[in-house]
């Protein structure tokens, strides 16, 4: 198990906060129809991944 020092933990938390803030700004600035298109493309992609997944019994 890998242990993180305090500095590494702070960098990870700050990096995550910046990423979430960036995503929120991008989503907020998109027109509504583009957001629906991106959600639709994401659902198609997720469905394709589930369809291709092989089950091992």
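Residue numbers (the working numbering): 47 to 103. For each residue, glycine too, the CB sits at the ideal point set by N, CA and C. Remember, predicted model here, so these are calculated numbers, not experimental data.
Next item on the list: Rounded to whole angstroms, what's the CA-CA distance from residue 93 to residue 99? Just pull it up for me.
Entry: Roughly 10 Å between the two C-alpha positions.
Next item on the list: Look at the alpha carbon of residue 58 and the alpha carbon of residue 84, and state the distance between them as a whole number of angstroms.
Entry: Going from the Cα of residue 58 to the Cα of residue 84 covers about 27 Å.
Check: What are the boundary residues of the alpha helix (DSSP H) that includes residue 55?
Finding: 52 to 75 is the extent of the alpha helix (DSSP H) around residue 55.
Item checked: 8 Å Cβ cutoff met for residue 71 and residue 81 -> 8 Å or more divides the Cβ of residue 71 from the Cβ of residue 81.
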